[in-house]
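Structure first, commentary second.
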Amino acid sequence: MSKIQELLYKLVSVQSDTGTKLEVDMAEYLFDIVKEQAYFQEHPQLCGMYYGDDFLKRPIVWALRKGKSQNTIILTGHYDAVGLEPYGTVKAYALKPEELKEKLKDLELSPEIKADLENSDWHFGRGINDMKAGLSINLNAIDSIEDAEANILFMAVHDEENLSAGMRQGTKLLVELSEKHHLDYKLMVITEPHTRSADDRFKMFTGTVGKIMPLIVAKGKTTHISDVMNGLNATLITSRIVTELELNPELCSSDLGMMTTPPTVLYARDLKGSYDVSMPEYSAFYLSFSFLKSKTAEQILGEIKTTAQGAFRKVIEKYQAAQRYLDEKGVEQTGSKQDFEPLVYTFEELQEIAKKNNPRYGEESHQLYEEVSAQVQSGELTIQDAGIQIVKRVIQLSQITEPLVVVGVIPPYYPPANNSYLAQGSERFEECLETILTKKYGLKVDKEAYFMGISDGSYTCCANRAAEQKIMASMVTSENMYHIPFEYMEKLSVPFLILGPWGKDYHTISERVYMPDVEKTLPELIQNLVYMV
């Protein structure tokens, strides 16, 4: 067993489910490995654990191997992994690669998986691909590259599979280390794995897609179900908006030869706490919306608001058509006929109305945020559910009684990033990598402008801080609940490459990594990058 494989198996053996205190165990184990390396036994002051303000006390593990110049390469990746539930009957072996491979051979799996189980180049296990292989490659680099002019900074972060709290805190650490040790960051390498369209191809990325999570909350008009025409069902409003937004190709964005997929809804429901015979007054949904640098988050919010207004108008037309039909049939109805308007506000606009209508809004909203923040910290609410509760309560505090729709944003938010938008690009590094991969390994290189799976690369740069942080005015959660460190991202603004080993079936029972990349290809590529920096 090679040294790097042994290291990888050690990392896989430590469970590190994202969003849990198991991540703390993983960080401590990683730091123990760093401290055992000869360089850091001689220079213990050049490594550490950085805690930031993480509510689970999950630290960032960092280690700086100093060279002879100020030029610095950052090697980073995440140490959290998804849970073990998909392994079912072989769950006990999910963190034991050699035993797992034998157990999987007894299961009914696809021909491709069965072929890889018989291939010694493929190793299986939870987190072995996403992304403890990348961490093993990085740890090997700071241990084995001894004569470089450049500094090598290792950084392992938490929570990438959830809200990327690690990298959002890590930007501050990177700025602090650069100031303390006079580091000039030239390149960041994120050793996230990649998938391939063919065995003879290698993929790397020079940017990462953005992701925004718009939240739409509708307030209807409640009534007893025996008198439906005296109300307006909030679920009808949201369902019509969902129909207009879901898989709408006009909402895709394109840039540098790539295009996003259309938005899709992740959550939708009414906000009734239990069954009764009244019409739902509140309904909410949020959706995942990918975008590239050619479009801003504010433009997206504007598009959603316009779509919501059109959808709301169609709901009112449907109500009016039903009302006319009943009138024509002579159906006697109780109550007065309703005259609705398609009121749609951004969360920022709603807050302004609440301040104007309610003299006690400042005091009451402060109490609201304190209560909801405590519920998130205790685990009683997810941060997404907290966002829904906040919008519903602010609607109530605004004293608006008519039906309306509110459009806001909830975490997580990932700004899109691409090196071509930075003053300092990555072209010379890309050319070096392409030469090695084609000439030495006989691989065809697929260089893509955006990694489409979202990544921590979103928080490595900020080309236009004033424009990019405008969206935070529509972020429903408070600053202490969710923070994007635009000030540190702007100071950092380092080009990055997503450059990792070939892997398959992320997050599934058959997650696996291609060991020749882990043991040979990637270490050589990173060594060459270090020497170039």
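Heads up, the sequence shown is in the working numbering, so the first residue is 14 and it goes up one at a time.
The beta-carbon is built from N, C-alpha and C at its ideal position, and this holds for glycine as well.
Small disclaimer: the values here were computed from a predicted structure and weren't measured.
Top-ranked residue by Cα proximity to residue i, from the options
i              : options                           : result
leucine 573    : Pro227, Ser523, Ser468 and Val357 : Absent from the structure is residue 573, since the part of the chain shown begins at 14 and ends at 546.
glutamine 540  : Ile73, Ile87, Glu481 and Leu59    : Ile87
proline 424    : Met485, Tyr288 and Lys16          : Met485
lysine 453     : Lys81, Met488, Glu537 and Leu505  : Glu537
methionine 168 : Lys118, Tyr288 and Ala40          : Ala40
glutamine 437  : Thr89, Leu363 and Lys504          : Lys504
aspartate 518  : Pro206, Ser468 and Glu112         : Pro206
aspartate 93   : Tyr22, Glu49, Tyr52 and Val170    : Val170
lysine 224     : Lys199, Glu192, Leu394 and Ser266 : Ser266
tyrosine 291   : Lys483, Tyr332, Ser307 and Ala247 : Rather than tyrosine, the amino acid found at residue 291 in this sequence is serine. Closest by alpha carbon: Ala247.
alanine 51     : Asp156, Ser210 and Ala324         : Asp156
serine 177     : Arg478, His237, Ile467 and Ser506 : Ile467
alanine 480    : Asn142, Gln312, Ser506 and Asp352 : Gln312
valine 389     : Lys350, Arg209, Glu376 and Asp67  : Asp67
alanine 211    : Thr490, Met528, Val458 and Val489 : Val458
threonine 319  : Trp75, Leu258 and Ala281          : Leu258
serine 506     : Glu365, Tyr198 and His379         : Tyr198
Distance between beta carbons of residue j and residue i, contact taken as under 8 Å
i              : j              : result
glycine 400    : asparagine 175 : The Cβ separation is near 15 Å, so there is no contact.
valine 526     : histidine 136  : 6 Å
isoleucine 497 : tyrosine 426   : 6 Å
proline 276    : leucine 264    : 6 Å
proline 110    : glycine 138    : 4 Å
serine 303     : threonine 274  : 6 Å
threonine 184  : tyrosine 501   : 4 Å
alanine 161    : tyrosine 544   : 6 Å
leucine 510    : leucine 152    : Contact doesn't hold; Cβ gap of about 18 Å is too wide.
threonine 359  : serine 296     : No, threonine 359 and serine 296 are not in contact; Cβ-Cβ is about 18 Å, not under 8 Å.
leucine 535    : glycine 516    : Between glycine 516 and leucine 535 the Cβ distance is about 12 Å, and since that is not below 8 Å, they are no contact.
leucine 394    : tyrosine 332   : Wrong, their Cβ atoms sit about 33 Å apart, outside the cutoff.
Outcome for residue i when other beta-carbon atoms lying within 10 angstroms are tallied against a minimum of 16
i              : result
leucine 260    : exposed
leucine 148    : buried
valine 103     : buried
asparagine 493 : exposed
methionine 14  : exposed
aspartate 45   : exposed
valine 344     : exposed
glycine 11     : Lying before the first or after the last residue shown, residue 11 is absent from the chain, which here runs from 14 to 546.
glutamine 54   : exposed
asparagine 132 : exposed
Residue j beta carbon less than 7 Å from that of residue i
i                 : j              : result
serine 433        : proline 508    : no
glutamine 402     : valine 420     : no
proline 374       : leucine 410    : Proline is not the amino acid found at residue 374; the sequence shown has tyrosine there. Contact: yes.
proline 429       : valine 202     : no
leucine 446       : aspartate 213  : no
serine 123        : leucine 314    : no
threonine 85      : leucine 196    : yes
leucine 108       : valine 25      : yes
histidine 520     : valine 95      : yes
serine 391        : isoleucine 126 : no
isoleucine 254    : alanine 321    : yes
phenylalanine 442 : leucine 279    : no
methionine 271    : tyrosine 42    : no
methionine 180    : tyrosine 472   : yes
cysteine 474      : leucine 435    : yes
alanine 97        : tyrosine 106   : Reading the sequence as shown, one finds leucine at residue 97 and not alanine. Result no, Cβ atoms of leucine 97 and tyrosine 106 do not sit closer than 7 Å.
glutamate 362     : isoleucine 17  : no
tyrosine 299      : methionine 226 : yes
threonine 204     : isoleucine 150 : yes
leucine 20        : alanine 146    : no
glycine 65        : glutamine 182  : yes
methionine 217    : lysine 460     : yes
aspartate 469     : glutamate 173  : yes
tyrosine 63       : leucine 186    : yes
arginine 326      : proline 355    : yes
aspartate 268     : lysine 306     : yes
asparagine 477    : glycine 220    : no
Contact set for residue i: own chain, Cβ-Cβ below 8 Å, skip 5 residues either direction
i             : result
glutamine 346 : Asp240, Met242, Asn243 and Leu339
valine 37     : Leu69, Lys70, Arg71 and Pro72
leucine 117   : Val103, Ile126, Leu130, Phe137, Ile522 and Ser523
Chain-order list of residues whose beta-carbon lies under 6 Å from that of residue i (same chain, five-residue window excluded)
i              : result
lysine 79      : Asn164
leucine 59     : Leu77
isoleucine 408 : Lys232
glutamine 397  : Ile423
glutamine 482  : Phe499
glutamate 376  : none
Spatial neighbours of residue i in its chain, beta-carbon cut-off 7 Å, leaving aside the 5 residues before and after
i           : result
serine 308  : Checking the sequence shown, residue 308 turns out to be lysine, not serine. Excluding positions up to five away in sequence, the list reads Ser266.
alanine 367 : Tyr374, Val407, Leu410 and Ser411
serine 82   : Glu162 and Ala163
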